[in-house]
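Add 35 to a position in the sequence shown, counting from 1, and you land on the number used in our numbering. All C-beta atoms, glycine included, are put in the ideal place defined by N, C-alpha and C.
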Amino acid sequence: MTVLEEFTHVFEPATRPGAPTLLLLHGTGADEHDLLPLGRALASGAALLSPRGRVDENGMNRWFRRLREGVFDVEDLIERTAELAGFVRAATAAYDLDPERIVVSGFSNGANTGAGLLLLHPGLVAGAALFAGGAPLQGREPGPVELSGTRVFLGNGVADPITTIDQARLLADQLGERGAEVEAHEHPGGHQLPPDVLGRARDWFDRAGF
36 MTVLEEFTHV
46 FEPATRPGAP
56 TLLLLHGTGA
66 DEHDLLPLGR
76 ALASGAALLS
86 PRGRVDENGM
96 NRWFRRLREG
106 VFDVEDLIER
116 TAELAGFVRA
126 ATAAYDLDPE
136 RIVVSGFSNG
146 ANTGAGLLLL
156 HPGLVAGAAL
166 FAGGAPLQGR
176 EPGPVELSGT
186 RVFLGNGVAD
196 PITTIDQARL
206 LADQLGERGA
216 EVEAHEHPGG
226 HQLPPDVLGR
236 ARDWFDRAGF
């Protein structure tokens with residue numbers, strides 16, 4: 036089995052010439068179809084690459100194991116993120132994608148994984164739009180990677196009981212300290228993606244010029 040075949044996934048080619056590719060990473064309990072509408076809303080005509088997380092938690096798909104709610108198995112996160120990076124490279128070759136125009140977008144567990152791609156595999160993606168995610172390595176300080184030119188949008192709720200706003204702000208700081216251009220938007224709600232945040236993310240995507 037090839038690296039590409041190891042991940043159940045959906046690929047939708049771009050319908051607009053020169054459009055970027057969105058790598059879509061679902062949240063806990065969802066699958067490869069869950070964020071396709073988000074991808075279409077963020078960037079009309081973009082190619083969509085949407086894999087399924089390979090960890091099973093009581094019948095729910097996830098990207099990496101956790102020890103309990105809000106506490107990650109960081110070693111597993113590192114290993115699984117490396118596997119996902121291999122899939123992205125394989126898909127880039129198989130689907131003839133522009134490696135400099137891939138943008139990761141994820142929600143919750145998928146957002147944490149997308150943040151892991153940025154911090155552990157710099158240069159793999161050109162940017163990220165992450166919702167309800169936080170600092171993926173939790174108590175560990177990420178390495179001194181170079182993220183200059185990487186554009187990131189973060190959307191988080193100040194009342195989120197799952198991904199606390201402190202973890203979201205820590206992620207913004209970690210990315211910014213490594214040179215990423217971060218635009219963070221906080222909304223008054225919880226663990227969700229409100230329409231106004233999606234609208235701001237769509238505007239950011241248009242301005243980012245991927």
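Contact annotation: residue 99 and residue 56 have beta-carbon atoms that are not nearer than 8 Å.
In this structure, 185 is the residue among 222, 203, 185 and 237 with its C-alpha nearest to the C-alpha of residue 136.
If the five residues before and after residue 218 are omitted, its C-beta is found closer than 6 Å to the C-beta atoms of 188 and 239, all from its own chain and listed in chain order. For residue 201, no beta strand (DSSP E) segment is defined; the enclosing uninterrupted segment is the alpha helix (DSSP H) at 200-212. Using a 10 angstroms sphere on the CB of residue 230, the tally of other CB atoms stays under 16, which defines it as exposed.
The stretch 202-216 and the stretch 172-185 touch, with three or more beta-carbon pairs separated by less than 8 Å. Assignment of residue 230 by DSSP, reduced to helix, strand and coil, places it in the helix class. Around the CB of residue 191, 16 or more other CB atoms lie within 10 Å, so the residue is classed as buried.
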